[in-house]
Every structure is written in C-alpha cells, then in structure tokens.
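Engineer:
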Amino acid sequence: MAAPEERTRWSPPHDPWDDRAVPQLFAAYLRVYEPLSAFDRQQQQYWRRYVRDGRVVTPDDGPGRQRTSVLEALGAGWTRLDDLPDEAYVMEGDDTLLVCPWNLRVRVAEAALNARDGVPAVLADAFVPPALAGLAQKIVSDWRSGARVLEHGTPRQHEQISTWSVPLRWFVLIDSEEREISLEPGHKVLRYRTEISKARRRAHRALSVLRRSVGDVPISEAVEESARWLEEFHPRSVVELDYGGLTAILSDNALAEDDSPSLVAEGLQGLAKGDGDAATRAYEELVERWRAIQLLERCN
C-alpha cells in the first residue's frame with residue numbers, strides 16, 4: 001500500500017502553504033470529495049483555476065489554515081465573515097479533479113447561530129455579538145434560499161468534524177483494507193478512503209441490521225443520518241475518514257494496530273447472526289478504546 005505522502009491516484013497535490021505556529025487541533029474528519037461535474041460551470045472554472053494557481057491546501061495543514069482564515073476574516077469587529085475565502089481539499093481522479101470545499105462562511109455562520117440557541121440574550125450577545133449574528137443569519141438564509149438552490153443545486157456540507165474522538169458511525173462507512181498509514185516523524189497519518197457507492201451500501205446494510213436487532217435507538221438514528229448525508233453527493237465521489245490531529249496523541253503502536261473498522265464489522269456481524277455476546281464484546285472494546293482517548297481532553 002502506498003504511503004499517503006506519495007503521489008497516488010487519490011493523493012492531494014503538494015501545498016506550499018505552511019504555518020507550524022498554528023496549534024494542533026485534536027480532531028478527526030469525515031470528508032466527501034466530489035468530481036468537478038457535481039458543480040456548476042462557474043464553480044468548475046473556479047476550482048480548476050484554484051488548482052492551477054497552486055492554492056490547494058493539504059489535509060495536514062487545512063485545519064490550521066481554516067482557523068487562521070476565520071480569525072483573520074472575523075476581525076476585531078466580528079463583521080468580516082463574508083471575507084472568508086473559497087478553499088478546498090483536492091484529490092486527483094482518473095480523468096478529473098475531486099474537490100472537498102470547506103464552505104467556511106456557512107460553517108462559521110451556522111456555528112454562531114447554534115451558539116445562541118437556548119442561551120439568555122445577554123449571554124448570547126456576549127458570545128456572538130448581534131452584528132455577527134445578523135450577518136450569520138443572512139449567510140445561512142442565502143445559502144438555503146430557493147434562488148440559490150435553483151442556480152447551484154442543493155447545498156452540501158462536505159466535511160464533518162469530531163474533536164477528541166472518531167464517532168463509531170463513521171467506521172460503518174469504511175473497511176480496514178482501505179487504510180493508508182504513515183508513521184513518519186512529524187507527519188503521522190492514518191486515514192481511510194473509499195468510493196461513495198461502497199460507503200452507501202455499508203451504511204444501508206448496517207442500518208438494516210441495527211433496526212432488525214435493536215430498533216430505533218440512538219446508534220441506528222446516527223447511522224441513518226450518515227446514510228442520508230451521503231445521498232447528497234455525486235455517485236462518483238470519494239469518502240475519506242481522516243484521523244487528523246488525533247495522530248498526535250496516539251502512539252505509533254496504537255495507530256498501527258488500530259482495528260476499529262474491523263470491530264464495528266464484527267459487532268454488526270454478531271447482531272446479524274443473533275450472537276449478542278460477540279456484538280457486545282466488540283462494542284465494549286471499541287467504546288472503551290475511544291473513551292480512553294476522550295478522557296485525554298480533560299488532561300489537556
């Protein structure tokens with residue numbers, strides 16, 4: 001298996017941007033890369049120019065770049081949300097580019113509005129000033145408006161983020177054989193990449209097993225949500241589960257021996273066969289493993 005840093009069919013181009021001063025974000029990422037044909041003509045031209053101009057940011061450097069861009073765009077007055085640039089992660093396919101847009105403006109806007117939900121007005125205004133809240137509401141409304149949908153298609157968020165853990169439902173989408181790993185000092189990588197058609201089949205198969213075995217419990221609902229999310233994207237897309245900054249807190253042995261996707265598969269197989277003990281053992285081992293990682297957050 002080729003190391004992630006080598007230029008393979010699905011490896012992103014080299015990115016000249018680097019900022020080692022940005023603190024590590026201990027998070028994992030689930031991304032969908034769509035072919036250019038999934039975008040309208042104007043967007044296709046933009047992304048081709050984006051790649052041609054050497055602006056592509058690698059997944060290694062992207063999280064830091066995103067935080068820097070957000071802080072710079074918001075500015076002291078919290079009014080420069082519109083200035084966030086259109087950027088993306090990029091893969092090279094057989095005959096086309098595969099693009100995972102960041103959609104930072106919408107992500108920050110939605111986060112700002114969610115931060116105000118259920119919070120007293122005084123506290124809400126302290127956390128998210130009214131100027132930012134108003135701008136955020138406009139950006140989200142424009143993103144979801146009928147006119148925009150007619151012109152650009154259904155809005156899609158291409159990246160999900162999980163801090164200090166990998167959600168168990170993400171492992172349903174991938175197979176252990178799809179792993180790419182590098183333990184090179186200063187450049188540790190653990191990620192899985194698969195065709196979206198495979199990820200969809202796995203999600204629907206898991207959902208069927210879960211519903212028959214345990215009914216509509218939270219894990220079933222979570223897998224169903226992931227399955228619905230995948231349906232939003234082009235059928236020739238690629239799904240990537242990237243351990244991201246979690247590789248910085250996991251030992252080389254832990255990364256090399258990680259078999260979380262296999263444990264999820266074993267648990268589902270146990271449920272499908274009516275072997276509750278096997279399913280329970282796999283589930284408990286998986287939960288205990290990731291709970292230990294989550295506890296590191298309290299020590300940080």
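Following full-length UniProt numbering, the numbering of the sequence shown begins with 1 at its first residue and continues without gaps. Where is the CB? At the ideal position from N, CA and C, for every residue including glycine.
(1) Do the segment 252-267 and the segment 278-295 touch if we need at least three Cβ pairs shorter than 8 Å?
(2) For Val128, I'd like the list of residues in its chain whose CB is within less than 7 Å of its CB, leaving aside the five on either flank, ordered along the chain.
(3) Helix, strand or coil for Val56, going by three-state DSSP, please let me know.
(4) Should Leu268 be labelled buried (16 or more other beta-carbon atoms within 10 Å of its own) or exposed?
(5) Between which two residues does the alpha helix (DSSP H) containing Lys198 stretch?
(6) Taking the C-alpha atoms as reference points, what is the distance between Asp86 and Arg193?
(7) Whose C-alpha, out of Val214, Thr247, Cys100, Leu230, is nearest the C-alpha of Val51?
(8) Measuring alpha carbon to alpha carbon, tell me which of Leu190, His234, His204, Glu232 ends up nearest Glu221.
(9) Alpha carbon to alpha carbon, how far is Val122 from Val238? Give it in angstroms, no decimals.
(10) Can you pull the DSSP bridge partners for Asp83?
(11) On the DSSP bridge assignment, give the partners of Val90 in chain order.
(12) I need the straight-line Cα distance from Gly64 to Arg107, nearest angstrom please.
(13) Under three-state DSSP, which class holds Ser182?
(14) Since Ser162 is in the beta strand (DSSP E), which residue starts that stretch and which ends it?
(15) Across the segment 30-38 and the segment 224-240, are there enough close Cβ pairs to call them in contact, namely three or more that are closer than 8 Å?
(16) How long is the line joining the alpha carbons of Phe233 and Ala199, rounded to whole angstroms?
(17) Report the three-state DSSP secondary structure of residue 357 (helix, strand or coil).
(18) Determine the direct distance from the alpha carbon of Pro218 to that of Ile293, and round the result to whole angstroms.
(19) Beta carbon of Thr79, beta carbon of Leu36: below 8 Å?
(20) Taking the straight line between their C-alpha atoms, what separation do you get for residue 308 and Arg212?
(21) Check Glu232 in the structure and name its three-state DSSP category.
(22) Pull up the CB-CB distance for Asp259 and Ser176, whole angstroms please, since I reckon it's below 8 Å.
(23) Rounded to the nearest angstrom, what separates Glu159 and Trp229 at their Cα positions?
(24) Give the straight-line distance between the Cα atoms of Thr96 and Pro167, rounded to the nearest whole angstrom.
(25) Exposed or buried, Thr247, counting other C-beta atoms within 10 Å across all chains shown (16 or more means buried)?
(26) Output the distance between the C-alpha atoms of Val209 and Val223, rounded to the nearest integer angstrom.
Structural biologist: Walking through what the data contain:
(1) yes
(2) Ala112, Ala115, Arg116
(3) coil
(4) buried
(5) 196-213
(6) 24 Å
(7) Cys100
(8) His204
(9) 44 Å
(10) Per DSSP, none; premise fails for Asp83.
(11) Val99
(12) 15 Å
(13) strand
(14) 159-163
(15) yes
(16) 12 Å
(17) Beyond the ends of the chain as shown, which are 1 and 300, falls residue 357; an answer cannot be given.
(18) 21 Å
(19) no
(20) Residue numbering for the chain in the displayed model covers 1 to 300; residue 308 lies beyond these limits and cannot be assessed.
(21) coil
(22) 6 Å
(23) 11 Å
(24) 31 Å
(25) buried
(26) 11 Å
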